[in-house]
Amino acid sequence: MAVKTYLEAIREGMRDEMRRDDRVMVFGEDVGAKGGVFGVTEGLQREFGEWRVMDSPLAESCIVGVCIGAAFNGMRPIAEIQFQDFILPGVDQIVSEAAKIRYRSNDDWNMPLVIRAPFGGGVHGALYHSQSLEAMFCHVPGLRVVVPSNPYDAKGMLVAAIRDPDPVLYFEHKKAYRLIRGEVPDHEYTVPLDRVRVVREGRDIVVFSYGLMVDTAVQAAERLAPDGFSVSVVDLRSLRPLDRQGIVESARRCGKVLIAQEANLAVSVSSEVSAIVAEECFEYLDAPVMRIGGPEVPAMPFAKPLEDAYLVDVDKLESKLRSLAEY
Amino acid sequence: MVVANRAARSIAGIDADTLRAMYRHMLRSRMLDERIWLLNRQGLARFWVSGMGQEAIQVALGMHVRPGHDWVAPYYRDLALTLVLGMTPRDQLLAALAKADDPNTGGRQMPAHFGCRRLQIITTGSVVATQFIHAAGIALASKIRGEDAVTVVTTGEGATSEGDFHEALNFAATHRLAVVFVVEDNGLAISVPTTQQMPTADVSDRAAGYGIPGVVVDGSDPVASYLACGEAVARARAGHGPTLIDAKVPRLTSHSSDDDQRRYRSAEALANDRAHDCVGCFAARLDEQGVLSARDEEAMRAELLAELDVATAEAEEAPDPEPESVLLHVLGEA
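This is how it looks when you write it as structure tokens:
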């Protein structure tokens, strides 16, 4: 099994599905000759031609809407939004259209559509190239929202998303693209879109997280090990729907829960996980549920001291874990 | 002097059978529309948004569509268009009464939110203008597969102020996609007149900016509309790209059953609209040309009324959706 980057795994997932199924197409800004601003679609237009890997105009509603239309007409489109920050002009097409097509047509139509978008900060992207907007979409029934944390999942979840009969928002942490490496099988496989993964086994505390923060959580958990604290790390993987059973099992087993995310906390994924734990694990808890995430400011600033102040890093996560361990 | 009526075999190259078929579609839609208004005023249909006055352009367009081969992205006034394509008064009465067997939405959406996969009429919601881009995407898929299917998309002129209208024209024109954009221009976005919506009198002026033909047609004239739509569909099917048709139509009713247009329109404007009623004008023209006599028109009306009465009774007796079904069809089985 070859070791690959997170970015290579995403590209391989698209390439393999495009080879297997000629209904699969990619549509977005700069995805063709340039191969995307991050290089995720590099080489795909050369292999599959300019109609199946197609540069879009600079218009996000058009990107999503054209993909919805193509999906109505039998294609399996993958829309690439260059930065998640710029998805907002496409939200009407996502929320008013894609999410409701099966429900409003009483199952006459469905909408097999994948929308890929890089999110997250720590790359000096400032306010408009760093955001984590996933919670906005997690509120919407009819959508799936997934975030892979490692190359194996990145490929397997993307293949599953392409084959899924409903709209899937597939958010990629842009800092993970070349930072996170891991083994990726060459053979065909899928990863389920609605199951947590226990990344690190532990008894005393469980950290629920997703995206690049999973890696941060594992590093922080290891720092507590010498002091005798056993910390479990669970990767949520799917943010909508959440794997309720997977969350409850780990929360009950450990009795102390920390939810770590890059996004600000108000009305976020951490809010929903907290609610599930409160509803289902009250009698198993040894401490209040704790959360760590971005501050309640509009978005991540540019200057390094400000960006560092915004981000949850290993030190901050370790400190939060210690306060929970000592509760 | 009395001049004997000589039966015309055609008008402007459209044969008499086609003309009679067009009139029948228009009348069938009008009678259905009137019936649904009645059901609304009786409190049985909770909402209605009418297509009265816009039947001619819709029927003319629908005559050029190959149902199940071509694609249609309609909007909420397209009752007549759906009937031409193969939906029935019963189908739309089931929708008007929000019944479980409504083929459009199963009673989930307001009436006139059309859709039928079998006929390749895409499902539509209440947000205006989103369907333009869907049409472009549908046509893109046809082009990728090398098919000659045409996609027609309709709208009121109000929705042409939305960004999606322009994004769709831009994309469809850039790639010469087989889309026919038809604006059923009744001059009112609910209560706001065209003069407050756009700087030029005709939506078709927008076409020049995208390098495609823009056509103004009298949408109350079924013959002129038939010719304009035929040309646009043929052009699209031949691979020459999209056309923007601006069909001028009256709006014979209020915006919806919850609106009263007398509050914002003059009595003169309403009278003028009624004088341009496409159904009455076309009936008179066909009688005058000897294509359809008043007596034959009466027989047609009686036949359609009988169909409508049966359909209404069936729709009234049809079951409501089961309350538990509210949870169904959020996501499918992977």
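For the record, the sequence lines run as chains A and B. The numbering of the first sequence is the working numbering, which starts it at 1 and goes up by one. The numbering of the second sequence is the working numbering, which starts it at 1001 and goes up by one. Idealized CB from N, CA, C, for every residue including glycine.
Interface residues of chain A facing residue i [CB-CB closer than 7 Å]
{"i": "residue 1105 of chain B", "result": "104, 105 and 106"}
{"i": "residue 1130 of chain B", "result": "65, 92, 93, 96 and 97"}
{"i": "residue 1109 of chain B", "result": "104"}
{"i": "residue 1037 of chain B", "result": "The contacting residues do not exist; residue 1037 of chain B stays about 24 Å from chain A at best."}
{"i": "residue 1123 of chain B", "result": "101, 104, 105, 108 and 109"}
{"i": "residue 1158 of chain B", "result": "Within 7 Å Cβ-Cβ: nothing; residue 1158 of chain B doesn't reach chain A, min ~16 Å."}
{"i": "residue 1136 of chain B", "result": "66 and 69"}
{"i": "residue 1117 of chain B", "result": "108 and 109"}
Residue j beta carbon less than 9 Å from that of residue i
{"i": "residue 318 of chain A", "j": "residue 224 of chain A", "result": "yes"}
{"i": "residue 53 of chain A", "j": "residue 44 of chain A", "result": "yes"}
{"i": "residue 95 of chain A", "j": "residue 219 of chain A", "result": "no"}
{"i": "residue 136 of chain A", "j": "residue 148 of chain A", "result": "no"}
{"i": "residue 1056 of chain B", "j": "residue 1221 of chain B", "result": "yes"}
{"i": "residue 1155 of chain B", "j": "residue 1131 of chain B", "result": "yes"}
{"i": "residue 254 of chain A", "j": "residue 206 of chain A", "result": "yes"}
{"i": "residue 18 of chain A", "j": "residue 51 of chain A", "result": "no"}
{"i": "residue 70 of chain A", "j": "residue 1122 of chain B", "result": "no"}
{"i": "residue 1111 of chain B", "j": "residue 1047 of chain B", "result": "yes"}
{"i": "residue 1051 of chain B", "j": "residue 1077 of chain B", "result": "yes"}
Identity of the residue in the options nearest residue i by Cα
{"i": "residue 216 of chain A", "options": "A:260, A:252 and A:300", "result": "A:260"}
{"i": "residue 274 of chain A", "options": "A:258, A:138, A:185 and A:262", "result": "A:258"}
{"i": "residue 1280 of chain B", "options": "B:1053, B:1007 and B:1047", "result": "B:1053"}
{"i": "residue 1263 of chain B", "options": "B:1313, B:1305, B:1229 and B:1192", "result": "B:1192"}
{"i": "residue 1016 of chain B", "options": "B:1319, B:1121 and B:1283", "result": "B:1283"}
{"i": "residue 1255 of chain B", "options": "B:1318, B:1141, B:1113 and B:1049", "result": "B:1049"}
{"i": "residue 1152 of chain B", "options": "B:1213, B:1160, B:1179 and B:1141", "result": "B:1179"}
{"i": "residue 209 of chain A", "options": "A:290, A:280, A:166 and A:57", "result": "A:290"}
{"i": "residue 1182 of chain B", "options": "B:1169, B:1247 and B:1095", "result": "B:1247"}
{"i": "residue 1039 of chain B", "options": "B:1312, B:1326 and B:1329", "result": "B:1312"}
{"i": "residue 330 of chain A", "options": "A:298, A:302, A:307 and A:288", "result": "Within the shown structure, residues of chain A are numbered from 1 to 327, placing residue 330 of chain A beyond reach of any answer."}
{"i": "residue 1174 of chain B", "options": "B:1212, B:1206 and B:1202", "result": "B:1212"}
{"i": "residue 63 of chain A", "options": "A:19, A:92 and A:286", "result": "A:92"}
{"i": "residue 125 of chain A", "options": "A:316, A:308 and A:41", "result": "A:308"}
{"i": "residue 151 of chain A", "options": "A:316, A:40 and A:279", "result": "A:40"}
{"i": "residue 948 of chain B", "options": "B:1315, B:1026 and B:1067", "result": "With chain B running from 1001 to 1334 in the structure shown, residue 948 of chain B is simply not present."}
{"i": "residue 1065 of chain B", "options": "B:1093, B:1148 and B:1031", "result": "B:1148"}
{"i": "residue 1142 of chain B", "options": "B:1239, B:1333 and B:1253", "result": "B:1239"}
{"i": "residue 1356 of chain B", "options": "B:1145, B:1087 and B:1286", "result": "Nothing in the structure corresponds to residue 1356 of chain B, since chain B is present only between 1001 and 1334."}
{"i": "residue 1166 of chain B", "options": "B:1115, B:1140, B:1325 and B:1205", "result": "B:1205"}
{"i": "residue 279 of chain A", "options": "A:252, A:121 and A:143", "result": "A:252"}
{"i": "residue 130 of chain A", "options": "A:327, A:326, A:311 and A:322", "result": "A:311"}
{"i": "residue 213 of chain A", "options": "A:24, A:322, A:175 and A:34", "result": "A:175"}
{"i": "residue 172 of chain A", "options": "A:1, A:11, A:3 and A:74", "result": "A:11"}
{"i": "residue 269 of chain A", "options": "A:293, A:305 and A:184", "result": "A:293"}
Proximal chain B residues relative to residue i, where beta-carbon distance stays under 9 Å
{"i": "residue 21 of chain A", "result": "Neighbours of residue 21 of chain A on chain B: none; closest Cβ ~13 Å, over 9 Å."}
{"i": "residue 246 of chain A", "result": "Neighbours of residue 246 of chain A on chain B: none; closest Cβ ~17 Å, over 9 Å."}
{"i": "residue 166 of chain A", "result": "1330, 1331, 1332 and 1334"}
{"i": "residue 213 of chain A", "result": "Those do not exist, as residue 213 of chain A stays about 26 Å from chain B at its closest Cβ, beyond 9 Å."}
{"i": "residue 137 of chain A", "result": "What residue 137 of chain A touches in chain B: nothing, since even the nearest Cβ is about 14 Å away."}
Cβ separation of residue i and residue j, assumed to be a contact under 8 Å, to the nearest whole Å
{"i": "residue 14 of chain A", "j": "residue 78 of chain A", "result": "6 Å"}
{"i": "residue 1128 of chain B", "j": "residue 1184 of chain B", "result": "Not quite, the Cβ-Cβ distance comes to about 12 Å (not below 8 Å), so this is no contact."}
{"i": "residue 72 of chain A", "j": "residue 1134 of chain B", "result": "6 Å"}
{"i": "residue 242 of chain A", "j": "residue 272 of chain A", "result": "6 Å"}
{"i": "residue 204 of chain A", "j": "residue 256 of chain A", "result": "6 Å"}
{"i": "residue 1190 of chain B", "j": "residue 1101 of chain B", "result": "In fact, because the Cβ distance is near 31 Å, the residues do not count as touching under 8 Å."}
Proximal residues of chain B, C-beta to C-beta of residue i below 7 Å
{"i": "residue 110 of chain A", "result": "1332"}
{"i": "residue 61 of chain A", "result": "1133, 1163, 1164 and 1167"}
{"i": "residue 295 of chain A", "result": "Going along chain B, no residue has its Cβ under 7 Å from residue 295 of chain A, so there is no contact; the nearest lies around 33 Å."}
{"i": "residue 141 of chain A", "result": "1330"}
Where residue i meets chain A, residues with beta-carbon distance less than 8 Å
{"i": "residue 1183 of chain B", "result": "Near residue 1183 of chain B there are no residues of chain A at all, since even the closest Cβ is about 18 Å away, more than 8 Å."}
{"i": "residue 1127 of chain B", "result": "92, 96 and 97"}
{"i": "residue 1212 of chain B", "result": "Residues of chain A passing the Cβ test: none, with the nearest at roughly 16 Å."}
{"i": "residue 1047 of chain B", "result": "Those within 8 Å of residue 1047 of chain B in chain A number zero; the least Cβ separation is about 15 Å."}
Chain-ordered chain A contacts of residue i [CB-CB under 9 Å]
{"i": "residue 1050 of chain B", "result": "Residues of chain A passing the Cβ test: none, with the nearest at roughly 21 Å."}
{"i": "residue 1142 of chain B", "result": "73"}
Proximal chain B residues relative to residue i, where beta-carbon distance stays under 8 Å
{"i": "residue 151 of chain A", "result": "Neighbours of residue 151 of chain A on chain B: none; closest Cβ ~22 Å, over 8 Å."}
{"i": "residue 171 of chain A", "result": "Under the 8 Å cutoff, chain B gives no residues; its nearest Cβ is about 18 Å from residue 171 of chain A."}
{"i": "residue 57 of chain A", "result": "1167, 1170, 1171 and 1174"}
Are the region 1220-1238 of chain B and the region 1058-1077 of chain B touching, with three or more C-beta to C-beta distances below 8 Å?
yes
Should the region 230-248 of chain A be called in touch with the region 182-197 of chain A, which here means at least 3 C-beta pairs below 8 Å?
yes
Residues of the region 1068-1091 of chain B with Cβ closer than 7 Å to any Cβ of chain E, in chain order:
Chain labels in this structure do not include chain E; the protein chains are A and B.
Kindly confirm or deny that the region 1020-1037 of chain B and the region 159-177 of chain A touch, where touching means at least three C-beta pairs closer than 8 Å.
no
Taking three-plus beta-carbon pairs below 8 Å as touching, is the region 78-91 of chain A in contact with the region 101-118 of chain A?
yes
Count Cβ pairs between the region 1233-1243 of chain B and the region 1259-1278 of chain B that sit closer than 8 Å; are there 3 or more?
no
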